[in-house]
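Worksheet: the structure to be examined is printed underneath.
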Amino acid sequence: MTVTIVGSQLGDEGKGGVVDLYGDAADVVVRYQGGDNAGHTVVEGGETYKLSLVPSGAVRGKIGVLGNGCVINPRTLFEEIDSLRERGLDPDIRVAERAHVILPFHRVLDSIEEDVKSEDDQEVGTTGRGIGPTYEDKAGRRGVRIGDLLEPDVLRERLEYVVPQKRALVEDVYGLDPDDLEYPNAFDVDALHEEFSEYGRRLESMAVNAGQFLTEARADGKNVMLEGAQGTLLDIDHGNYPYVTSSNPTAGGACVGSGLAPGVVGDGEVIGIVKAYLSRVGSGPMPTELGGVVGDTPGYDEQGEGEHEELATYIREAGDEYGTVTGRPRRVGWLDMPMLRHAARASGFTGLAVNHVDTLAGLEEVKVGHTYTLDGEECRTVPATTEQWERCEATFRTFDGWPEQDWGAVAEAGYEALDENARVYLEYISDELDTPIYAIGIGPGREQSIVLDEPEY
Ligand code: IMO
Ligand code: MG
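Structure follows, in structure tokens:
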């Protein structure tokens, strides 16, 4: 069976740590969508690794596969591989020939479009990595794939078709000069061809037909883990469009983006990763937000603005809530149960991992948005449009807080050693989602976890 890891919220739920925790039994770890917009932190033997593209399992010496559903910036890929090598690791990375390539002009177009949108406060708050424009070209059947980089003539043909279109877009639609932008040579066919056919040479030994590669690996008895990036509410279909990424982080994406059949992924475990509170880096509604939009945060009229900012700052600092990729301070809020119900339904979680339980320690009370009220009606899940979601007011439940504990000792002693109030909180989450908790994160390291169950391969 396979094990699929899915973010249940807005990204940054601590997926990398769980991949690492349960990666021991895996032989192959696969990214199935997204690109270097992800930021996964893995702490191993006191060393901290920050990865954007290379699957987290690479830190443990697993084979890492970038599936066909990914968009790949070869510059980032080789920077990461080289920096892991410098630190004494020798990552074995395979890249799907069907995966699409992020080209420099995709990044430029990402930032131009965000600038234009920001004039009317419409920006998504993307990571600026060119993710959206690359998936646009994939769907528009004008993209460049990893397989094309291996064949210089094909690469030239593709570039000669697409680059003039992008130049015209920059000039005629945005009124800018493509040769006078921050990014040098982003719209120059020859320069692109030279740089990217060179990547092609380096990729030759890494390129695979991913679906076939993974199917054969399974036939050989290898255990495959599918490593999610981003989160359910960032999913282009199931997230809060348009404040989403351009791919499918939910479990369905794991089949399409890896080439493993739905039955294979569906027969396996799907573990939903939950952060014990909520964080968000980009724009969009957040009914349980603390601070930031305090004045508009429903359910908080009775409390002072200062108190919320203080709480938000406290959690942000305690949880180190700053973007791994961009360094942006994240918005924070209480756990949002309608969001988790939506995520559990969309991906069919067989187990949960709840992270950052230690971050909330020391608070007198901890709240959860249990349901929403939408236009006077109770709503138990996330509505389909962002406009409706914006009108949702959270109805909060309050839990008694739990104290700081010696987390190392708790991890060693197990679940019963965790403060009772924390256990009440966790059992509420598990009951509401009708899904067992497999692991509880009480610190950033692999050892700082309480493991209740192991997913079965
Ligand atoms: P990990 O894997 C959190 C967000 C961006 C923005 C939206 C679209 O670390 O959980 P994009 O650059 O993808 O076009 O941006 O998605 N976003 C993430 N937020 N964690 C991530 O990845 C994210 N990847 C994208 O902030 O709101
Ligand atoms: Mg991240």
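Its first residue numbered 589, the sequence shown is counted upward by one per residue in our numbering.
Every residue gets a Cβ at the ideal spot worked out from N, C-alpha and C, and that includes glycine.
DSSP state of residue i mapped onto helix, strand, coil
i: Gln-891; result: Since pLDDT at Gln-891 reaches only 41, below the 50 mark, its modelled position is unreliable, and the value read off the structure follows with that caveat. Here Gln-891 sits in coil by DSSP.
i: Cys-843; result: helix
i: Gly-728; result: coil
i: Asp-884; result: The predicted position of Asp-884 is uncertain, since its pLDDT is 46 and thus under 50; a value taken from the coordinates is nonetheless stated next. DSSP places Asp-884 in helix when its eight states are reduced to three.
i: Thr-592; result: strand
i: Ile-719; result: helix
i: Asn-1009; result: helix
i: Ser-793; result: coil
i: Gly-860; result: strand
i: Ile-1030; result: coil
i: Pro-850; result: helix
i: Val-607; result: helix
i: Val-653; result: strand
i: Thr-986; result: strand
i: Leu-598; result: coil
i: Thr-714; result: coil
i: Ser-785; result: helix
i: His-688; result: strand
i: Val-642; result: coil
i: Ile-824; result: coil
i: Asp-776; result: coil
i: Ala-709; result: Here residue 709 is Asp; the residue named in the question, Ala, does not match the sequence. In this structure, Asp-709 counts as coil in the three-state DSSP scheme.
i: Glu-1044; result: coil
i: Asp-1019; result: helix
i: Ser-871; result: coil
i: Asp-855; result: helix
i: Glu-905; result: helix
i: Ala-934; result: helix
i: Leu-1014; result: helix
i: Asp-612; result: helix
For residue i, the residue or residues it bridges with in DSSP
i: Cys-967; result: Tyr-960
i: Asp-924; result: Gly-957
i: Gly-622; result: Cys-658
i: Gly-816; result: The partner list for Gly-816 (beta bridge, DSSP) is empty, contrary to what the question assumes.
i: Asp-680; result: Ile-651
i: Glu-877; result: Gly-921
i: Ile-1025; result: Leu-940
i: Val-617; result: Gly-652, Met-813
Check: residue i C-beta below 8 Å from any heavy atom of the ligand IMO
i: Tyr-829; result: no
i: Thr-714; result: yes
i: Val-796; result: no
i: Gly-847; result: no
i: Gly-731; result: no
i: Val-970; result: no
i: Ile-1030; result: no
i: Ser-834; result: yes
i: Arg-695; result: no
i: Ser-785; result: no
i: Ser-671; result: no
i: Asp-703; result: no
i: Ser-596; result: no
i: Asp-709; result: no
i: Ile-719; result: yes
i: Ala-817; result: yes
i: Gly-622; result: yes
i: Leu-822; result: yes
i: Ser-871; result: yes
i: Asp-698; result: yes
Range covered by the alpha helix (DSSP H) that runs through residue i
i: Leu-737; result: 734–737
i: Asp-698; result: 692–706
i: Glu-748; result: 740–756
i: Leu-802; result: 798–807
i: Glu-759; result: From DSSP, Glu-759 is part of no alpha helix (DSSP H); its letter is neither H nor E.
i: Glu-978; result: 974–979
First and last residue of the uninterrupted beta strand (DSSP E) at residue i
i: Ala-997; result: Looking at the DSSP string, Ala-997 is not in any beta strand (DSSP E); the run it does join, the alpha helix (DSSP H), is 995–1001.
i: Leu-639; result: 635–639
i: Asn-943; result: 939–943
i: Ser-1037; result: 1037–1039
i: Val-913; result: First-last for Val-913: undefined, no H or E at that position.
i: Glu-632; result: 628–632
i: Ser-834; result: That residue, Ser-834, is in no beta strand (DSSP E); it is neither H nor E in DSSP.
i: Leu-948; result: Element bounds for Leu-948: n/a, residue is neither H nor E.
i: Arg-868; result: 866–868
Distance cut-off 8 Å: residue i Cβ against heavy atoms of the ligand GTP
i: Arg-868; result: Within the structure as shown, the ligand GTP is missing, the only ligands being the ligand IMO and the ligand MG.
Chain D contact for residue i (CB, 9 Å cutoff)
i: Val-591; result: Here chain D cannot be found, since the structure has a single protein chain.
| field | Contact set, the ligand MG heavy atom to C-beta under 7 Å | value | Gly-599, Asp-600, Ala-626, Gly-627, His-628, Gly-911, Thr-912, Val-913
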